[in-house]
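S.K.: Line by line, the protein sequences are chains A and B. Numbering of the first sequence is given in my numbering, commencing with residue 1 and proceeding in unit increments. Numbering of the second sequence is given in my numbering, commencing with residue 345 and proceeding in unit increments. My questions will all concern the structure given below.
Number of protein chains: 2
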Amino acid sequence: MNKRPTIRDVAAMAGVSVATVSRVLSGDYPVANATRTKVQRAVRELDYVVNAHARALSGSTSNVVALVMYDVVTPFFAFIASGVEYQATESDRLCLVCTTHGDPDRELEIVKLMREQHADAVILVGGVNMTDDYRERMYRYAKGLEDAGSRLVLCGRPSLGPDFPAITVEYDNAGGAFSATSHLLSSGHRRIAMLGGPIGNTTFDARLDGYRRALEAFRVTVDPALITHGDMSQDAGFRQVQRLLAEGVEFTAIFAANDFVAAGAMRALRAAGKSVPDDVSVIGYDDTPFAPELTPALTSVHLPHEELGRTAVKLALQRGEGSTRQHVMLGTHIAMRDSVRPLI
Amino acid sequence: MNKRPTIRDVAAMAGVSVATVSRVLSGDYPVANATRTKVQRAVRELDYVVNAHARALSGSTSNVVALVMYDVVTPFFAFIASGVEYQATESDRLCLVCTTHGDPDRELEIVKLMREQHADAVILVGGVNMTDDYRERMYRYAKGLEDAGSRLVLCGRPSLGPDFPAITVEYDNAGGAFSATSHLLSSGHRRIAMLGGPIGNTTFDARLDGYRRALEAFRVTVDPALITHGDMSQDAGFRQVQRLLAEGVEFTAIFAANDFVAAGAMRALRAAGKSVPDDVSVIGYDDTPFAPELTPALTSVHLPHEELGRTAVKLALQRGEGSTRQHVMLGTHIAMRDSVRPLI
DNA sequence: ACGAGTAGGGTAAACGCTTTCTAAGATCGT
DNA sequence: ACGATCTTAGAAAGCGTTTACCCTACTCGT
């Protein structure tokens, strides 16, 4: 095993100084053609590659973007990751991926690691519980990262205010829920069950809010009995519908917190001998890839997942005045399929 | 914005030398308790974090594991990534994720980047076209990475031989296909269509091979008319079944290259008025999360995705003699669900 | 023909750590 | 009480780049 060559070896072989080699490699300084050629040949000959750490230490950017999310397999996160990865390589950056599984300690640990790494951007993805503790934590993160020269990006979670030193890239959670609910309402449904997510989570609170606002816009009173909560799993959807049925709550449509919950709901409905969409219409959220594969194909609120990720990176990497605290909100739309039917 | 503190600042504040600070931080050298406390207080006071690049430059490990795959959203890859990420953080490593989308140039580029980064391990995931060009490319990669002190891991693709300087972690593709096909055969099916993947891809060739071997084991002659090829998409599955039907090829069961293809096949069957599993049994591969959500729930070959990822990292990080060219093969099993029915 | 300007390239000082080498006290056996 | 041994800590030499600074040799305009 050969020791890997350094820039000095290249310089020696090419018969120039290390400064010249460095200049040829970064290409931002005039170098005579003959010299450039000699250096390039030496590089090829030795199969030389720069040492990224030395470069990062000397220069000051690490060319790394960090992505911090709940997990890596949930389609919601996977698609955002896809967008981030895409834009990162587009911008000649590498992409570090970390998962928290919801553990704040792990999150703290990761932010520390990213400060160590001098990541150009740290992108925190997904809804949260908006507590004072959370705000304070974020403030500490923002400070630490700023000192390390990193941009903090909140992706798919609300802004912490225009004064907060972070970029925010969200999508219109409440708006999507409003559309979805309105879609059911204008199809004639009035008894619409809302299978919510965990209480306090910004994402699901916003979806619930959109639901409420749509009902109000249609002058339908919000019946608390129709609103349930659970985690975001299929099982949760299943059980919530089971309970609703057991309690004899009447409804002709369901708006689910996300597609997993919707899938569980449809399963419970089927188990109870109810047909979707003949007896009950169902609409989901996130437009997960399996939505069109369900029977019936699930109508769902489509999110610009990948664009969310791409935008996060793009904004974080863009330099210049005021670029540290932008706020963008992306729109959603309904992907209409077969799980909703007008009430006659 | 404060400049971030360095180890010298900590040393100054604690009234000790930088060497002592370094030793307190790495904790592998005896330091008096009083001194340790002083240093730790200074660290907390200044909110100091080490500079990972300086550390990597000085020491010689970067504590980074790189994952190179086709994409990030396909469940097959996402679950492997999940395992890699898990084991990486377990081993105090960060996880760099790169995608190739099948582009060899991009792959080359990534390997170069990983040499620059001194990644502890570079994990290449997924099936490939086993050409001479490929072997040669891998050999170059292995050389370059070895010189950079990185381990090369081939994950979910065949070994390049015991002399090749890489670790291989595969799962039993042919074995899984053998089991799946045997399952259909022992349910009485004899006319089993095989909806294959792209020709030449190691993964799908192996699955096809397992199919063949199972038929032979049951003394059923392999009918080429029953074997089709396509990419691994749902559309491909749909079209392949459509064509089979149009050509009047008779079959009572389908073994699909993967679950996407199986989903497409079921759709085509339904479109043609055939019932699954009453008219045709279907079995998929990969046991994707949506498999149980299909109607009927899809029987599929379950892969140890996460374990594959975890094992890749574990082997790559384990030091010692002979640890650079191990080869492990993980087993598969059939997840039985509702898409297969015995032929009476 | 001459000073200004520019292209091309070398020298050496950072960058922020780890680690080897060295040395001063403290502790101990005899 | 005195060398030997241990513990603890500092000085300084890298690690492999980038870049500020400096210098030389041309090219021009006049």
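Quick reminder that beta carbons are idealized off the backbone N, C-alpha and C, glycines included. Remember, predicted model here, so these are calculated numbers, not experimental data.
Hey, is Ala398 of chain B's beta-carbon within less than 8 angstroms of any beta-carbon in chain A?
M.R.: So yes, Ala398 of chain B belongs to the interface.
S.K.: I need the straight-line Cα distance from Arg55 of chain A to Ser62 of chain A, nearest angstrom please.
M.R.: Between Arg55 of chain A and Ser62 of chain A, the C-alpha separation is close to 8 angstroms.
S.K.: Measuring only the C-alpha atoms, how far is Glu480 of chain B from Pro419 of chain B?
M.R.: Rounded to the nearest angstrom, the two C-alpha atoms are 29 angstroms apart.
S.K.: Using 8 angstroms as the threshold, is the C-beta distance between Arg151 of chain A and Asp103 of chain A below it?
M.R.: No, these two residues do not count as a Cβ contact at 8 angstroms.
S.K.: So Gly519 of chain B is in the alpha helix (DSSP H); what residue range does that whole segment cover?
M.R.: Residues Asn517 to Ser530.
S.K.: Would you call the segment 162-171 of chain A and the segment 180-196 of chain A in contact, with 3 or more CB pairs under 8 angstroms?
M.R.: No: fewer than three Cβ pairs fall under 8 angstroms.
S.K.: Cβ atoms of Leu687 of chain B and Ala609 of chain B: under 8 angstroms apart, would you say?
M.R.: No, Cβ-Cβ distance for Ala609 of chain B and Leu687 of chain B is not below 8 angstroms.
S.K.: Anything in chain A within Cβ reach of Ala607 of chain B, meaning under 7 angstroms, just list it in chain order.
M.R.: Glu293, listed in chain order.
S.K.: Within 10 Å of its beta-carbon, does Arg611 of chain B have 16 or more other beta-carbons around it, so buried, or fewer, so exposed?
M.R.: Under this definition Arg611 of chain B is a buried residue.
S.K.: List the endpoints of the continuous alpha helix (DSSP H) containing Gly554 of chain B.
M.R.: Its alpha helix (DSSP H) spans residues Thr546 to Ala561.
S.K.: Going by DSSP, what residue range makes up the beta strand (DSSP E) through Met69 of chain A?
M.R.: Run containing Met69 of chain A: Val64 to Met69, per the beta strand (DSSP E) assignment.
S.K.: Under 9 angstroms between beta-carbons, which chain A residues line up against Arg495 of chain B? List them in chain order, please.
M.R.: Within 9 angstroms Cβ-Cβ: nothing; Arg495 of chain B doesn't reach chain A, min ~12 angstroms.
S.K.: So for Asn51 of chain A, helix, strand or coil by DSSP?
M.R.: Coil at Asn51 of chain A, not helix or strand.
S.K.: For Cys95 of chain A, return the contacting residues in chain B, with the cut-off set at a CB-CB distance below 8 angstroms.
M.R.: Within 8 angstroms Cβ-Cβ: Leu440, Val441 and Cys442.
S.K.: Just to check my reading of the structure: Val626 of chain B and Ile678 of chain B have Cβ atoms closer than 8 angstroms, yes? What is that Cβ distance to the nearest angstrom?
M.R.: That pair is no contact at about 13 angstroms.
S.K.: Who are the Cβ neighbours of Phe595 of chain B in its own chain at under 8 angstroms, not counting the five residues just before and after it?
M.R.: So the list reads Arg535, Ile536, Ala537, Leu570, Leu588 and Val624, once near-sequence residues are dropped.
S.K.: Taking 8 angstroms as the threshold (beta carbon to beta carbon), is Lys658 of chain B in contact with chain A?
M.R.: No, Lys658 of chain B lies away from the interface with chain A (no Cβ there is under 8 angstroms from its Cβ).
S.K.: Can you tell me where the alpha helix (DSSP H) holding Tyr141 of chain A begins and where it ends?
M.R.: Element bounds for Tyr141 of chain A: Asp132 to Asp147.
S.K.: I want to verify the contact list: residues of chain B whose CB lies under 7 angstroms from the CB of Arg115 of chain A, in sequence order.
M.R.: Near Arg115 of chain A (Cβ distances below 7 angstroms), the residues of chain B are Val393.
S.K.: I'd like the list of long-range same chain contacts for Tyr414 of chain B, defined as Cβ closer than 7 angstroms, with 5 residues on each side in sequence excluded.
M.R.: Within the same chain, Tyr414 of chain B has close Cβ partners Phe421, Thr443, Thr444, His445, Gly446 and Gly470.
S.K.: Which value, in whole angstroms, describes the spacing of the CA atoms of Arg669 of chain B and Gln240 of chain A?
M.R.: Cα to Cα, Arg669 of chain B sits roughly 51 angstroms from Gln240 of chain A.
S.K.: So, does the CB of Leu57 of chain A fall closer than 8 angstroms to a CB anywhere in chain B?
M.R.: Closer than 8 angstroms: yes.
S.K.: Mind pulling the alpha helix (DSSP H) runs of 4 or more residues that sit fully within the segment 410-455 of chain B?
M.R.: If we require 4 residues or more, the alpha helix (DSSP H) runs fully inside the segment 410-455 of chain B come out as 419-434.
S.K.: Identify, in the order they occur along the chain, each residue of the same chain with its Cβ nearer than 8 angstroms to the Cβ of Gly519 of chain B, setting aside the five sequence neighbours on each side.
M.R.: If we look at Gly519 of chain B and ignore the five residues flanking it on each side, its Cβ neighbours are Gly554, Gly675 and Thr676.
S.K.: What do you reckon, are the CB atoms on Ala257 of chain A and Phe204 of chain A nearer than 8 angstroms?
M.R.: Going by C-beta atoms, Ala257 of chain A is nearer than 8 angstroms to Phe204 of chain A.
S.K.: With 8 angstroms as the limit, tell me which residues of the segment 540-562 of chain B have their beta carbon closer than that to any beta carbon of chain A; keep them in chain order.
M.R.: Hits within the stretch: zero.
S.K.: Quick one: complete alpha helix (DSSP H) runs, 4+ long, within the segment 561-646 of chain B?
M.R.: Entirely contained in the segment 561-646 of chain B, the alpha helix (DSSP H) runs reaching 4 residues are, in chain order, 578-590 and 603-615.
S.K.: Out of B:His397, B:Arg380 and B:Gly541, which has the shortest C-alpha to C-alpha gap to Gly59 of chain A?
M.R.: It is B:His397 whose Cα lies nearest to the Cα of Gly59 of chain A.
S.K.: Buried or exposed, going by whether 16 or more other CB atoms sit within 10 Å of the CB of Tyr29 of chain A?
M.R.: The residue in question, Tyr29 of chain A, is exposed, as its Cβ has fewer than 16 Cβ neighbours within 10 Å.
S.K.: By the criterion of Cβ-Cβ separation under 7 angstroms, what are the contact partners of Lys274 of chain A in chain B?
M.R.: Residues of chain B passing the Cβ test: none, with the nearest at roughly 15 angstroms.
S.K.: By DSSP, does Val122 of chain A sit in helix, in strand, or in coil?
M.R.: Looking at Val122 of chain A - three-state DSSP - the assignment turns out to be strand.
S.K.: In three-state DSSP terms, what is Glu514 of chain B?
M.R.: Three-state DSSP puts Glu514 of chain B in a strand.
S.K.: Is there contact between the segment 357-372 of chain B and the segment 310-323 of chain A, where contact requires at least three CB pairs shorter than 8 angstroms?
M.R.: Judged by Cβ distances under 8 angstroms, the segment 357-372 of chain B makes no contact with the segment 310-323 of chain A, as fewer than three pairs qualify.
S.K.: Assuming Leu303 of chain A and Tyr171 of chain A are in contact, meaning their beta carbons sit under 8 angstroms apart, how far apart are those beta carbons, in whole angstroms?
M.R.: Confirmed, about 5 angstroms.
S.K.: In this structure, does DSSP put Leu160 of chain A in helix, strand or coil?
M.R.: Coil.
S.K.: Buried or exposed: Asp259 of chain A, going by 16 or more other Cβ atoms within 10 Å of its Cβ?
M.R.: Label assigned to Asp259 of chain A: buried.
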